[in-house]
Each structure stands twice: as C-alpha cells, then as structure tokens.
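Visitor: Residue numbers (full-length UniProt numbering): 1 to 259.
#1: Mark residue 64 as exposed unless 16 or more other C-beta atoms lie within 10 angstroms of its C-beta, in which case mark it buried.
#2: Within the same chain, show all residues whose beta-carbon is closer than 8 angstroms to that of residue 88, passing over the 5 residues directly before and after it, in chain order.
#3: Please identify the residue among 158, 77, 52 and 13 whose C-alpha is closest to the C-alpha of residue 236.
#4: Terminal residues of the continuous beta strand (DSSP E) containing residue 252?
#5: For residue 123 and residue 221, I'd like the C-alpha separation in whole angstroms.
#6: DSSP state of residue 20, grouped into three classes?
#7: Count the other CB atoms, across all protein chains shown, that sit within 10 Å of the CB of residue 49; report buried if there are 16 or more and exposed otherwise.
#8: Pick out whichever of 126, 159, 118 and 127 has its Cα sitting closest to the Cα of residue 138.
#9: Taking its Cβ as the centre, do 16 or more other Cβ atoms sit within 10 Å of residue 2, making it buried, or is it exposed?
#10: With a threshold of 7 angstroms, establish whether the CB of residue 82 neighbours any heavy atom of the ligand COA.
#11: Excluding the 5 residues flanking residue 149 on each side, which residues of the same chain have their C-beta closer than 8 angstroms to its C-beta?
#12: Thinking just about the alpha-carbon of each residue, which of 32, 132, 257 and 223 is nearest to the one in residue 119?
#13: Residue range of the beta strand (DSSP E) that residue 141 falls in?
#14: Can you tell me whether residue 6 is buried or exposed, with buried defined as 16 or more other CB within 10 angstroms of its CB?
#15: For residue 13 versus residue 204, is the C-beta spacing smaller than 8 angstroms?
#16: Compute the beta-carbon to beta-carbon distance between residue 238 and residue 75, rounded to the nearest angstrom, for a pair I have assumed lies under 8 angstroms.
#17: Is there at least one Cβ from chain D nearer than 8 angstroms to residue 196's Cβ?
#18: Should residue 140 be labelled buried (16 or more other beta-carbon atoms within 10 Å of its own) or exposed?
#19: How would you label residue 90, buried or exposed, when you count the other beta carbons within 10 angstroms and need 16 or more for buried?
#20: Quick test of your reading: residue 253 and residue 17, contact by CB under 8 angstroms. State the CB separation rounded to the nearest angstrom.
#21: Let me confirm a value: residue 61 is counted as buried when at least 16 other C-beta atoms fall within 10 Å, else exposed. Which label applies?
#22: DSSP three-state label for residue 155, please.
#23: In the DSSP assignment, what residue or residues form a beta bridge with residue 176?
What follows is the structure in structure tokens.
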C-alpha cells in the first residue's frame, strides 16, 4: 500500500522529522574515541523518550532479521552498513560510523541516517565515499516533485554513485514511510528514468543511498543475525532523509533544528 498523508499528518511528520534530525545531531556531537555502541543506544533511548516518541526498531521483526531487533538505533561501524545492531564495542580513531534512526511520534514516522568519521584519522577515501552518498541523496531530492517517477529518483541516485565508481546493491534501498516505518513504494538506488509510480503531494519517502567501497554483495553477521556487512570487509557509507512531496517539490523533514 502506498500511503498519502493529509495536511495534519504532514504537519506531525515535520515534528517527528525534526526530532530525528536533532537526535542524530546530538549523538554525533557526543561520539568520541572510546564511546561504546551500547552507550549510543542508551543515549538514543533517553532522547527518544524525552521527545515523547518511540523507536521503530525495538519491536522490529521482519523476515530477514533474527528479530525482534531489540535496540533503539542502528550503529554501523566500518564494514557494517545496514541494520547494524549495537554491541559492546568501543569506537576507535578513524572508524567510519553510520547512525540510522527511525521513530514514530503522534502517529507518524520519520527515518534518517548519517555517516561520519570518529576522531581525526579518517582516510580521504572514506570522506569521499560519505560525500558521494550525500550528493546522491541531494540529487534525488532536487528533482522530487509531483509527477516525477520513482525511476527518476533512482536514476538520479544511481548516476551519482556509478559516476563515482561504486557498485550498487539493489536488495535494499529507500521506501515509503508514513504511519509506519517501512511502506511501499521501494526506491532502488539505481533505475531507469520515466518508470514507476508518479509522485503525489502527501507522499513521504525515506531516500537512502548507501554504498560499499568495492562490492555490491552483503553478508549477514552470524553473531547477531541482523547486521549486514560488506562481503569483502570493505568500508561503507549511508545517507538518508525523509522527504514529503509538496505541491511544488519536496521538503526535507529530517534536518536538525539548527540545520
């Protein structure tokens, strides 16, 4: 089902989105060399509860996971990229960390992800990979408007990723979002322009370009049954925003208040 939200729901989505953006920004500022991933999960829980919201992940139990997920935020480090379960691990200088957060507040969900380098030892290729996912996300948002096809968004994302030399995995991508976290339509990170569902005002999409440095193949961590890692052990990056399609274009809902 593709859900179209009404004006009141869109206004609630703006509030939810700002909470997501603010929580991610706050946790990013707190992350230091030596920060434990379980500490990040505790911070997320505290901030979500303070906002009178709920994490979409705690009870999340799709067919592909060893569910329920049981944590409040995804914490992907280095070769981990999606559905990364927090564990008793401390961050090291130069780690590439992705935080992925989805919450629901007042009946509407929002979802976003950020990737960044911990400390001062980040490799230039890691910064470049993160910047590429951010450019791909911006490219899709820039063209999102009523009448634009899903394939146009996928093509915009895929063109940036491919031009930068990254393989693209099509198993997981962006998705519709609204009163629940994961909805139709699926938004692949590559595709053919002019194909697919035509965007309509009131549609919410979570767009999420993600890449692995030298492979398009994922493996599931056998220890937790959730964390998806690059098959070669290479580093990964992931950028995501929830957007609302408006009468004239698209509005980013998950920017932090200061941003």
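Ideal placement from N, C-alpha and C gives every residue a C-beta, glycine not left out.
Guide: In this structure, then:
#1: In the chain shown, residue 64 corresponds to position 64, counting from 1. With fewer than 16 Cβ atoms within 10 Å of its Cβ, residue 64 is classed as exposed.
#2: Looking up residue 88 in the chain shown gives position 88. Within the same chain, residue 88 has close Cβ partners 36, 37 and 38.
#3: Walking along the chain shown from the start, residue 236 turns up at place 236. When only C-alpha atoms are compared, the closest one is 77.
#4: Residue 252 sits at position 252 when you count from the first residue of the chain shown. Unbroken beta strand (DSSP E) run through residue 252: 250 to 252.
#5: Residue mapping note: residue 123 aligns to position 123 of the chain shown, counting from 1. Residue mapping note: residue 221 aligns to position 221 of the chain shown, counting from 1. When the Cα atoms are used, residue 123 and residue 221 turn out to be separated by approximately 25 angstroms.
#6: Walking along the chain shown from the start, residue 20 turns up at place 20. Residue 20 falls in the helix class under three-state DSSP.
#7: As a first step, residue 49 must be located in the chain shown, where it is residue number 49. Exposed is the call here.
#8: In the chain shown, residue 138 corresponds to position 138, counting from 1. Taking only the C-alpha atoms, the option nearest residue 138 is 159.
#9: As a position in the chain shown, residue 2 is number 2, starting the count at 1. So residue 2 ends up on the exposed side.
#10: No copy of the ligand COA occurs in the structure displayed, which carries no ligand at all.
#11: Residue 149 sits at position 149 when you count from the first residue of the chain shown. The residues are 193, 194, 195, 196, 197, 198 and 199.
#12: Numbered from its first residue, the chain shown carries residue 119 at position 119. For the residues 32, 132, 257 and 223, the minimum Cα distance to residue 119 belongs to 32.
#13: On the chain shown, position 141 is the one that residue 141 refers to. First-last for residue 141: 124 to 143, but that is the alpha helix (DSSP H), not the beta strand (DSSP E).
#14: Here residue 6 is taken as the residue at index 6 of the chain shown, counted from 1. The residue in question, residue 6, is exposed, as its Cβ has fewer than 16 Cβ neighbours within 10 Å.
#15: For the purposes of this step, residue 13 is taken as the residue at position 13 of the chain shown. For the purposes of this step, residue 204 is taken as the residue at position 204 of the chain shown. Their beta carbons are under 8 angstroms apart, which means residue 13 touches residue 204 by this criterion.
#16: If you number the chain shown from 1, residue 238 lands on position 238. If you number the chain shown from 1, residue 75 lands on position 75. Going by Cβ atoms, the distance from residue 238 to residue 75 rounds to 12 angstroms, so no, they are not a contact pair.
#17: Looking at the structure shown, chain D is missing, and only one protein chain is on hand.
#18: For the purposes of this step, residue 140 is identified with residue 140 of the chain shown, where counting begins at 1. Around the beta carbon of residue 140, 16 or more other beta carbons lie within 10 angstroms, which makes this residue buried.
#19: Stepping through the chain shown from its first residue, residue 90 is reached at position 90. Taking a 10 Å sphere around the C-beta of residue 90, we find fewer than 16 other C-beta atoms and assign the residue as exposed.
#20: Taking the chain shown and counting its residues from 1, the one referred to as residue 253 is at position 253. Taking the chain shown and counting its residues from 1, the one referred to as residue 17 is at position 17. That belief holds up - the Cβ atoms of residue 253 and residue 17 are roughly 3 angstroms apart, short of 8 angstroms.
#21: Stepping through the chain shown from its first residue, residue 61 is reached at position 61. Classification for residue 61: exposed.
#22: Looking up residue 155 in the chain shown gives position 155. In the structure shown, residue 155 sits in a helix (DSSP, three-state: H, G or I).
#23: For the purposes of this step, residue 176 is taken as the residue at position 176 of the chain shown. DSSP output for residue 176 lists 183 and 205 as bridge partner(s).
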